[in-house]
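Okay, structure first, notes after.
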Amino acid sequence: QKEVEQDPGPLSVPEGAIVSLNCTYSNSAFQYFMWYRQYSRKGPELLMYTYSSGNKEDGRFTAQVDKSSKYISLFIRDSQPSDSATYLCAMSSGGYNKLIFGAGTRLAVHP
Amino acid sequence: SQTIHQWPATLVQPVGSPLSLECTVEGTSNPNLYWYRQAAGRGLQLLFYSVGIGQISSEVPQNLSASRPQDRQFILSSKKLLLSDSGFYLCAWSGQGAWQPQHFGDGTRLSIL
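These protein sequences, in sequence, are chains D and P. Throughout, our numbering is defined as the position within the first sequence, counted from one, plus 114. Throughout, our numbering is defined as the position within the second sequence, counted from one, plus 41.
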């Protein structure tokens, strides 16, 4: 079993839709949770990070962590074509800040 | 503000040739530095990390090595490339001390022929 599982997609939605991206994990030592956005042929760009259960909001993005269920989500409201990218979840237990990544979900937002 | 540079952006090398990829960080001191490889359609795999000059930790056995000759410089090397070394190589940095997120460069796409 992989430490981090992420739905690979691809996910195709119309502009303006609410998008839900999800990851599950098995290691209860993970304390820090991140979402990265990666455009084609570019490096991952940090979108949000959190270290507690609950919701964290930043503009159109909301990160949700449920440590009891070992489940994290990223919600994108009012999705735009510019949101079309691969979204990677990542987690860390803190030691030397080593990250474990999900395989990524490819999202396409069409006008 | 901090920036991270990787070069070259694209590289095509024959099997058996040597490799040197360079990463430099600006605008911060004593960062943690990381090398990752990303295979097509897959997540990132941590290859090496460094918490200081000359301090390198390897995460997976492989045909590659890393060095950190200066505080903000991280180099990925190989003496003889294999076909399986093809991939997208990403460098990242984070601050030291209390946990801080990692920030990535734009990567080097390496193709082995």
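No residue lacks a Cβ here, since even glycine has one placed at the ideal position from N, Cα and C.
Y197 of chain D - DSSP class collapsed to helix/strand/coil: One detail in the question is off: residue 197 of chain D reads as Asp in this sequence, not Tyr. D197 of chain D: helix per DSSP, three-state reduction.
For P72 of chain P and G93 of chain P, I'd like the C-alpha separation in whole angstroms. 8 Å
Spatial neighbours of F80 of chain D in its chain, beta-carbon cut-off 6 Å, leaving aside the 5 residues before and after: Beyond the ends of chain D as shown, which are 115 and 225, falls residue 80 of chain D; an answer cannot be given.
Are the beta-carbon atoms belonging to G148 of chain P and G218 of chain D less than 8 Å from one another? no
Inter-residue Cα distance where the pair is S183 of chain D and Y163 of chain D: C-alpha of S183 of chain D to C-alpha of Y163 of chain D: approximately 18 Å in a straight line.
Suppose only complete runs of 4+ residues qualify. What are the alpha helix (DSSP H) ranges in the segment 138-182 of chain D, listed by chain order? Entirely contained in the segment 138-182 of chain D, not one alpha helix (DSSP H) run reaches 4 residues.
Under a CB-based cut-off of 8 Å, is P124 of chain D close to chain P? Not one chain P Cβ lies under 8 Å of P124 of chain D.
Under a three-way DSSP split, which group does G148 of chain P fall into? coil
Taking R113 of chain P as the query, report the chain D residues whose CB atoms sit under 7 Å from its CB, ordered along the chain. Under the 7 Å cutoff, chain D gives no residues; its nearest Cβ is about 17 Å from R113 of chain P.
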